[in-house]
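Q: If you count the sequence shown from 1, position 240 lands on 1278 in the working numbering, and the numbers rise without skipping.
All residues carry an ideal CB built from backbone N, CA and C; glycine is no exception.
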Amino acid sequence: MPQEQNIITSLVELTRLRDQQAIRHKLLSSLLEISDAAWLVLCRLEQKQDDAVIEVCQRMPNPAPDKAVRHFPRALFDRGELFQRCIDSGMPVWVQDLDGYQGIIFQLPGSGPPHDFVVLFDERVDGRSERIVGSVLDLYDNFISLVIENTQDPLTRLLNRGAFDIDLPAALLRLNAAEAEADASAGAYLAMMDLDHFKRINDTFGHLYGDEVILLFASLLREVLGEHGRVYRYGGEEFAAIVEGITPRRMTELLERLRQTVEDHEFPQVGQVTVSIGWTELCSNQLPSSLLDAADQALYRAKAEGRNRLCFHDPREQVAGSGPSAESDTDDIFF
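This is the structure we're talking about:
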């Protein structure tokens, strides 16, 4: 009964989460707890030229003093054919010829390519471990599909407004937690982007071409900022990005690169499309609503100054009750 209660408790905690990275981390710790394995290893199969290479991404030893008495056998991760067999068969692969351990390889649902795997190591593995872990992975697959459906824009596959409303406060919490140790030269930023004259595009060419412009812009946004932060379709022709861990100069460079990339892109039938961008730096003593208002004021200024440009607004210069003004001179204009 205690073991069953642990499983239920772990699953309840897992399904409370909405951030995909947090869900995966909780999944791994839950699998280690409910299987009582000596080690749990998350790894990835990467295709490099003609070779399949297994890279260890995360390793978790069982904290019990009598469990992880020896290191997991690294030699298993030189045997790419076992992981390929797991992909081909769609079934867990048992490995029993390991030094001091036995192992079970599970492919993580929804991965690939590249393909992610969870490997359990213990002195002896049995069918019960396979059944429990397999069932939890099936539940994870169903749950993560629901999370993606609820946090992803159906047209562009970018994150949606709901995900943004969760992520901005979370970014501020991370900023608060890291403030004492953080590199003073790096920070976190919020950018709001709006496609210029988008109504004119819809009215002139029709909504089908308008949707294609949205899709192509989303692809360019993902290409320029996707590796550096999280990108969102905020609504209609408005987009957002939360970027952490870079300098203000680098953020300016990335946003200008995005602006220029959009201006230079030839959109089918429509031709040239431009984007206006407003951005601000996240400050630990600000509310999410204040930061959003600062980015919106910068975006308004970019529009008022002629569009196809980026503007910065310092949230610390916010005045309670003030609205955006084209005559305001408190914004620092870049480009």
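Closest by CA to alanine 1226, which one among Gln1324, Asp1126, Gly1118?
A: Checked all of Gln1324, Asp1126, Gly1118; the closest Cα to alanine 1226 is Gln1324.
Q: Indicate whether the contact test is met: 3 or more Cβ pairs, each with one atom in the stretch 1261-1269 and one in the stretch 1187-1207, closer than 8 Å.
A: Touching, yes.
Q: Answer yes if the stretch 1123-1139 comes into contact with the stretch 1095-1102, meaning at least three C-beta pairs across the two stretches below 8 Å, and no otherwise.
A: As far as the Cβ criterion goes, the stretch 1095-1102 does not touch the stretch 1123-1139, which means the pair count is below three.
Q: List the endpoints of the continuous alpha helix (DSSP H) containing valine 1300.
A: Note, valine 1300: alpha helix (DSSP H), 1286-1302.
Q: Tell me tyrosine 1178's beta-bridge partners as DSSP assigns them.
A: According to DSSP, tyrosine 1178 bridges with nothing at all.
Q: Quick one: what's got a C-beta closer than 8 Å to glycine 1138's C-beta in the same chain, skipping five residues either side?
A: For glycine 1138, where only same-chain residues beyond five positions count, the Cβ hits under 8 Å are Arg1108, Pro1111, Glu1161.
Q: On a CA-only basis, which of Leu1177, Gly1248, Ala1106 is nearest isoleucine 1061? Give me that one, please.
A: The option with the nearest alpha carbon to isoleucine 1061 is Leu1177.
Q: Over what stretch of residues does the alpha helix (DSSP H) that includes histidine 1245 continue unbroken?
A: Per DSSP, histidine 1245 belongs to the alpha helix (DSSP H) from 1245-1263.
Q: Does DSSP classify alanine 1342 as helix, strand or coil?
A: In the structure shown, alanine 1342 sits in a helix (DSSP, three-state: H, G or I).
Q: Could you give the distance in angstroms between the alpha-carbon of leucine 1292 and the alpha-carbon of isoleucine 1284?
A: If I take the Cα positions, the gap works out to 10 Å.
Q: Opposite serine 1314 in the DSSP bridges: which residues?
A: The partner list for serine 1314 (beta bridge, DSSP) reads Asp1232.
Q: Pick out whichever of Pro1152, Arg1117, Arg1295 has its Cα sitting closest to the Cα of aspartate 1135.
A: Among Pro1152, Arg1117, Arg1295, the Cα nearest to that of aspartate 1135 belongs to Arg1117.
Q: Measure the beta-carbon distance from alanine 1336 to threonine 1318 and round it to whole angstroms, keeping in mind my assumption that it falls under 8 Å.
A: Rounded, the Cβ-Cβ distance is 6 Å, consistent with contact.
Q: Return the CA-CA distance between threonine 1299 and leucine 1258, expressed in angstroms with no decimal places.
A: Each residue's alpha carbon lies about 8 Å from the other.
Q: Where does histidine 1063 fall in DSSP's three states?
A: It is helical.
Q: Pull the bridge partners of methionine 1098 from the DSSP assignment, please.
A: Methionine 1098 pairs with Leu1078.
Q: Cα separation between histidine 1351 and tyrosine 1338?
A: Taking the straight line from one Cα to the other gives about 10 Å.
Q: What residues match up with glycine 1424 in a beta bridge as DSSP calls it?
A: Outside the displayed span of the chain (1039 to 1373) sits residue 1424, for which this structure offers no information.
Q: According to DSSP, what are the bridge partners of arginine 1106?
A: Looking at the sequence provided, one finds alanine at residue 1106 rather than arginine. None; alanine 1106 has no bridge partner.
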